[in-house]
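To start, the structure itself, in structure tokens.
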């Protein structure tokens, strides 16, 4: 950009010369400038340039942006110029409607300076029919006194015999534009919409249907108050004074804005208040999505009529997520609209907007838009009321009364007392299961029943919004109380004769307690579940087989690995056979396989574990989407198992894939994702990639803290891996705090029998050893070794890991002779299990190098240094 | 906003009250903004304002016509012009203003404004250039505001500013030439 910098004096001079130059004919300018600018070529150049621009600029901005009207006196439409109607003086025409012309007018006496809108029946349109309707309108409007309805102020007949109405003059923006202009959120739009509903409801109570609800008839004033205009074609629908229904003809259709017309309106059938419900439904659809439900911009009237009567509108949440195009209907801007522009006008992002509409709002709007009047909301009031319930987080009428829905709502809201909540919980679960259990007899219903079950498991195991939102005492109190109350009632008489249901509920409760970090109650209810299943179905029923696999898992948990293995080896082949016959669903079989794989991994047979995990993964395609979380978990344990075999790169890749899959499939809102991050972080730590490890572990911690109770086992695992990472980085204080937290969670949750507890002891000991308390460290590490050797086969590499830690501690105390066998044993075991390239093997060989260096045996040190 | 306020303030402006214009501006701006939002964004409602009557609408609402003389009116329109500039530019910037002609396109679509002769003006670019001009010559920029955004004639502009018509005429010519050159320099894509 070239802007000549000049002083005020220079500018003044320039202006002077410019003024003189343009006074002269162009032919003489050069001579004039030659003379005056002889000694200032820069000035001359600037003048030449300006004058050239001047010569081309004749029309440039010559016409005012708004035409020449700003200063002119107001023009009155010529045909009515100076006309007075009643005590009003017409200013000008402001619009033409179906039946007449609307004028802006002001009170002739100017006492109030009040502007009004005067609607006069158009000449040539003053047929009997229209006159009758006009007089109707006057009657109707006079009866409506509502702050959100434009008032009828006056009425009469003009000197030439044309009837007229004087109405409150409303200035404001169309409701759709107003909302976009102010970037109102969905909830704010709903509030405005409910106000509009209030006005329509008022009209309905006065036996008036609007019949032409559309954005241009609903203005929002600058102070935010909505005003409904034009009850111009509304009619009295009181049967006593109703006109014959035959009056509605195609001619009349032109009065309507077909975009907002209901199917019955298009067909010329009787209109009722539910016709307004429909039009309001279209309006709400547009308000929330930016689109007309039928996106029928280029349609001919016939086409549009067909679509209105036949086509099902897309769900609003689908529309905001998928559609791009141009707005139409009554909306102002035929601008390109995209998911981004729509969500931006609602002060949010496309995905958030989609989620806010999905569910309740989809259902509410689609209910208002149903083709059959009888299936819509019976009144505007109920429509509005359902929106209120949605805004308050209460269950809405519109949604099908499905189990999933009601339970979701139940968990989302937080207003119920604990007892009431527990009762509702059980009633809902019980009721649904009772029906689904009966339905289970019917094969085709089986999948549904199982999905309900799965949903419940996940819901109660993983969701704890109650913890977050309610809880006067904070923490997990409320959800716990609800579960306890539910458990108490489950033992009551109402379930004694529905044992099938009770069994399912016991299982669900146990899962819920697990999610709450209450492993004692988890186990207690699991055992009840197993017992009931056995007593109901006997040993050989597929349902009992699943329960048996659960009991094997409990044996495993109690560190009775051998017995657990026996049970699994007996029941799994049976389950496999039943699964192939279709008598066991894939997710139950997968769960058993996965858990047995976990047992085998713990027992040190990582090969069989790997095979079991892979078999589990093979079932994923047959499992319902809701169960895919199990697959993610299996993938993570497979990753750990591969690491156990020293296949470290494969392990890392598997864990990364698991994490990536959660991210890609929108599974990041699940605790399983947190678990996957924990596993990945652990593997990265072993690899020495601490930066990424800490990032993943932190992310995992956030996820788990958000979704689970602060005592959940998975959070413990996460903190444990953080402790290990910090330990390896030499950050002992940070490591210490994490390991203490982990120990608390493990002990409170599972007690010392938990198979990961020795790991806590190992790092607790190592930290003490590094921070100058080797005596205490030794005591703790000896406990760790003891726990490991007692519960695991001697050759399990986890024993070697514990031995290595104890050896290091003894080495610190210069008890080299005691340390040597432990460290050698540890190295040999790790090397044979994991191979010499595994980080844990490398660590063991490093320890030996240090040992022999300190011990003064350099040649032996060299042996291990070369490894 | 009660109506006599604006009229009263206008009279105070005439009486030489130096603070009065500052009080006038927000009132007029507010009213125009409201009206502009209303009509720029609205289509065919029966109660819609006719596009060209925007300022009159405000004028009718705000001013007791029996109590103001032409000087008062000139002040009013001076303030209104300034307000209109702000409103239009805001509007233009808000509507994807970086695209040349965002507003024009919008107005054309709306068929709202008698805009045929100035349709080739990029309002946002004009506004920017006008700001630069104001740094060189405050009065010239003000004259453009009154003429282009306010629709005042040379004589009316002269009255509003208290200078001679000849002065306004030269300033106007120079401002137009300068602005046009400035805009064509900053907008290489050209018309």
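Chains as they are written, first to last, in my numbering: chain A, 186 to 1052; chain B, -2 to 188. The beta carbon of each residue, even a glycine, is placed where N, CA and C say it ideally should be.
In the structure shown, the three-state DSSP call for residue 1012 (chain A) is helix. By the criterion of at least three beta-carbon pairs nearer than 8 Å, the stretch 744 to 755 of chain A is not in contact with the stretch 942 to 955 of chain A.
For residue 292 (chain A), the three-state secondary structure derived from DSSP is strand.
By the neighbour-count criterion, in which 16 or more other beta carbons inside 10 Å mark a residue as buried, residue 162 (chain B) falls on the exposed side.
In the DSSP assignment, the residues bridged to residue 352 (chain A) are A:302, A:337. Not a single CB atom of chain A sits nearer than 9 Å to the CB of residue 8 (chain B).
Residue range 545 to 553 is occupied by the alpha helix (DSSP H) that includes residue 551 (chain A). Here residue 458 (chain A) is buried. Its C-beta has 16 or more other C-beta atoms within 10 Å. Between residue 158 (chain B) and residue 196 (chain A), the CB-CB gap reaches or exceeds 9 Å. Residue nearest to residue 339 (chain A) within the set A:711, A:409, A:353 is A:353 (criterion: CA-CA distance). Residue 911 (chain A) places its beta carbon 9 Å or farther from that of residue 885 (chain A). Residue nearest to residue 570 (chain A) within the set A:803, A:379, A:849 is A:379 (criterion: CA-CA distance). Taken through DSSP and simplified to helix, strand or coil, residue 150 (chain B) comes out as coil. For residue 524 (chain A), the enclosing alpha helix (DSSP H) has its first and last residue at 524 to 530. DSSP places residue 792 (chain A) within a helical segment (H, G or I) once states are collapsed to three. With the criterion set as a beta carbon lying under 9 Å from some beta carbon of chain A, the members of the stretch 130 to 156 of chain B are 133, 134, 137, 141, 144, 145, 146, 147, 148, 149, 150, 153, in sequence order. Against chain B, the CB of residue 409 (chain A) has no partner CB under 9 Å away; the residue lies outside that interface.
Contact between the stretch 495 to 508 of chain A and the stretch 397 to 413 of chain A is absent: fewer than 3 CB-CB pairs across the two stretches fall below 8 Å. Taking 9 Å as the threshold, the shortest C-beta distance from residue 803 (chain A) to chain B does not fall below it. Rounded to whole angstroms, the Cβ separation of residue 478 (chain A) and residue 554 (chain A) is 6 Å, and the two are in contact under 8 Å.
DSSP, reduced to helix, strand and coil, places residue 1035 (chain A) within a helical segment of the structure shown. Burial check for residue 524 (chain A): the Cβ neighbour count within 10 Å reaches 16 or more, so the residue is buried.
Under a criterion of Cβ atoms nearer than 7 Å, no residue of chain B is adjacent to residue 378 (chain A); the nearest Cβ is some 18 Å distant.
Where residue 882 (chain A) is concerned, the enclosing alpha helix (DSSP H) starts and stops at 875 to 892. At a cut-off of 9 Å between beta carbons, residue 271 (chain A) makes no contact with chain B. Close to chain B, meaning a Cβ-Cβ distance shorter than 9 Å, are the following residues of the stretch 223 to 235 of chain A: 234, 235. Listed by position along chain A, the residues whose Cβ is nearer than 8 Å to that of residue 167 (chain B) are 200, 203, 204, 207. Residue 329 (chain A): not part of any alpha helix (DSSP H); DSSP gives it neither H nor E. DSSP places residue 404 (chain A) in no alpha helix (DSSP H) but in the uninterrupted beta strand (DSSP E) bounded by 403 to 405. Between residue 715 (chain A) and residue 693 (chain A), the C-beta gap is not smaller than 9 Å, which leaves the two residues out of contact. Under DSSP, the beta-bridge partners assigned to residue 273 (chain A) are A:270, A:292. A Cβ of chain B is located within less than 9 Å of the beta carbon of residue 242 (chain A). For residue 476 (chain A), no CB of chain B lies under 9 Å from its own CB, so it is not counted at the interface with that chain. Look at residue 974 (chain A) here: in three-state DSSP terms it is helix. Counted as a single uninterrupted DSSP element, the beta strand (DSSP E) harbouring residue 412 (chain A) occupies residues 411 to 413.
With distances taken between CA atoms, residue 949 (chain A) lies nearest to A:990 out of A:934, A:982, A:990, A:985.
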